[in-house]
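Numbering (mature numbering (1 follows the signal peptide of the UniProt record, and there is no 0)), first residue to last: -31 to -1, 1 to 399.
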């Protein structure tokens, strides 16, 4: 997403907004409706264009409940599909030799970056198919690059004449089409800002934009924003915090946050030169999701579609693996809260989440002896333990040294309710 400052067309165009098209599970619709109910006349708080006021706005509750979203990096950079989505800057801005060679080997002399535009056809883009995939992945929101740092907009922006998806390339309003497909299923909005690092928030008029967004916009009661609004804003101001790409805190933050990462470890946009070792494994993705949610964060997982509008099979496979896991273990993820302990300090890599008095222990390694040892939960006379996907009480005991000992189901791997990680649900514990 971010490289050295990209000049070219992107500079000076304005804050780079990556707009959310939200996937919201039907079970959360009631909560969303409550959040969207306008306050009584005269009771609406007005936010002034300064950080103390803007930062005091409560984060709409749907975002914390959602937990998992899909990120999409899609634009003219999907045409060369080589190196990364920063192709233009690496080729022309920095003049990297490998990019120069790629162009001389594959394109005629005098070929410019703008010449890639007509090849961004999106001819196989079917927004309903994308929306179905994201729903099957268990995602509750979707963030599309409406305008990446190359300046090309995926909608007919009046300020990017002749460098947008209606004037050049597909001749389609890609944001509008995907937005319509997503909103057949789901509702609220998010603005994911990026590319702010060259100038302070005063240059971007960020606080004035946010005060309008919170006070007078059509989505003022449900909209969520991130923290990239100018130099030194990241991890300090805004709605929730991204802090930096692939941010992983070592302990529980005191502010709502989001980890954004990509299935392709080295690029956010699709690239033809990726190899299998560049692809994040299913276990790595699910492990990161669990760790992120245990520490109070949301997990935003990126895929890069092709210039034709396809999501390649390896990316689909990864997304569907997450969806399959969440179909069993989602109770421990969606709408959960961090527990008093986040990580069990033992060799089984156990992460905790909670809902009210219910505690979920998610373990990443199956104990060889079939007994899960937990030292953090304190049992009571009402303690009950089940494994998600197997609705049967598990036998347990306590030990002065080992703590709570849970006898796991004696099943072959093929009969286990999920792959990669498993969840025990504990009630009646402290």
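For glycine and all other residues, C-beta sits at the position ideal for the given N, C-alpha and C. Please read these numbers as outputs of a predicted model, since none were measured by experiment.
Residues sharing a beta bridge with residue i, DSSP
| i | result |
| --- | --- |
| residue 267 | 227 |
| residue 313 | 319 |
| residue 396 | 353 |
| residue 244 | According to DSSP, which records beta bridges pairwise, residue 244 is partnered with nothing at all. |
Limits of the beta strand (DSSP E) - the one that residue i falls within
| i | result |
| --- | --- |
| residue 380 | Per DSSP, residue 380 belongs to no beta strand (DSSP E) and is neither H nor E. |
| residue 356 | 348 to 356 |
| residue 150 | Element bounds for residue 150: not the beta strand (DSSP E) but the alpha helix (DSSP H), 143 to 152. |
| residue 170 | No beta strand (DSSP E) holds residue 170; the alpha helix (DSSP H) holding it covers 170 to 173. |
| residue 278 | It is not in any beta strand (DSSP E) - residue 278 carries neither H nor E in the DSSP assignment. |
| residue 68 | First-last for residue 68: 66 to 75, but that is the alpha helix (DSSP H), not the beta strand (DSSP E). |
| residue 111 | 110 to 113 |
| residue 359 | 359 to 362 |
| residue 372 | 372 to 376 |
For residue i, the first and last residue of its enclosing alpha helix (DSSP H)
| i | result |
| --- | --- |
| residue 321 | From DSSP, residue 321 is part of no alpha helix (DSSP H) but of the beta strand (DSSP E) over 319 to 324. |
| residue 104 | 96 to 105 |
| residue 293 | 282 to 298 |
| residue 16 | No alpha helix (DSSP H) contains residue 16, which DSSP labels as neither H nor E. |
| residue 35 | 30 to 35 |
Contact belief for residue i with residue j at Cβ below 8 Å, rounded distance in angstroms
| i | j | result |
| --- | --- | --- |
| residue 254 | residue 99 | At roughly 19 Å, the Cβ-Cβ gap does not stay under 8 Å, so residue 254 and residue 99 are not in contact. |
| residue 51 | residue 271 | About 18 Å; that fails the 8 Å criterion. |
| residue 179 | residue 191 | Wrong, their Cβ atoms sit about 15 Å apart, outside the cutoff. |
| residue 196 | residue 211 | 6 Å |
| residue 363 | residue 376 | 6 Å |
| residue 105 | residue 292 | 5 Å |
| residue 322 | residue 353 | Not really, about 17 Å apart at Cβ, beyond 8 Å. |
Inter-residue spacing [alpha-carbon to alpha-carbon] between residue i and residue j
| i | j | result |
| --- | --- | --- |
| residue 28 | residue 228 | 17 Å |
| residue 393 | residue 18 | 46 Å |
| residue 95 | residue 274 | 12 Å |
| residue 41 | residue 378 | 39 Å |
| residue 225 | residue 71 | 42 Å |
| residue 58 | residue 327 | 50 Å |
| residue 288 | residue 103 | 8 Å |
| residue 55 | residue 46 | 7 Å |
| residue 264 | residue 184 | 31 Å |
| residue 143 | residue 213 | 27 Å |
| residue 133 | residue 358 | 47 Å |
| residue 24 | residue 207 | 6 Å |
| residue 300 | residue 306 | 11 Å |
Cβ pair residue i, residue j closer than 8 Å
| i | j | result |
| --- | --- | --- |
| residue 267 | residue 61 | no |
| residue 319 | residue 331 | yes |
| residue 252 | residue 93 | no |
| residue 398 | residue 367 | no |
| residue 200 | residue 161 | no |
| residue 387 | residue 297 | yes |
| residue 38 | residue 117 | no |
| residue 107 | residue 295 | yes |
| residue 188 | residue 223 | no |
| residue 325 | residue 343 | no |
| residue 148 | residue 90 | no |
| residue 124 | residue 114 | no |
| residue 380 | residue 340 | no |
| residue 236 | residue 383 | no |
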